[in-house]
Amino acid sequence: MDNNIVILFAVFGLCGLFLGLIGNSIKKKQSIESIALPGLSLRKVKDKKGLAIFVGNGLIQMGIISLLMGGSIFILPPLKVWVLLTFLVALIANFLRLILGIRNYQEK
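The following block contains the structure:
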């Protein structure tokens, strides 16, 4: 087993757990003050609970994607480049959905 694969597994696993815990915390405590995303003004938020749930769920999904990425790299080492590219595209798409979806929770 290559040392790089174990390191990638550990890094993506820890990042996934970290994102999941942050997302769960934002969702449960509804602490939108800890959200810093482009184009977000907390004074203009009309549905704070909805925004907290939306961002929390998005971060939890990104955490799950990171955990899956680490596990896939560990299980399929010859395909690690394709696994990285596939899951990286999924992470970027989820992040863009998160940024663009914030507009639904702000006043015009």
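Heads up: the sequence shown at position 74 corresponds to 74 in full-length UniProt numbering, and the numbers run straight through without jumps.
Quick reminder that beta carbons are idealized off the backbone N, C-alpha and C, glycines included.
Keep in mind it's a predicted model, so treat the numbers as computed, not measured.
| query | result |
| --- | --- |
| Simplified DSSP assignment, three categories, for Q106 | strand |
| Segment limits, alpha helix (DSSP H) that includes A10 | 3-29 |
| Separation of K48 from Y105, as counted between CA atoms | 8 Å |
| With 16 other Cβ atoms within 10 Å as the buried cut-off, status of N93 | Before going further, note that residue 93 is Ala rather than Asn in the sequence given. Classification for A93: exposed. |
| Cβ-based burial, A52 [other Cβ within 10 Å; buried from 16] | buried |
| According to DSSP, residues forming a beta bridge with V45 | Q106 |
| For D2 and G101, the rounded distance between their alpha carbons | 40 Å |
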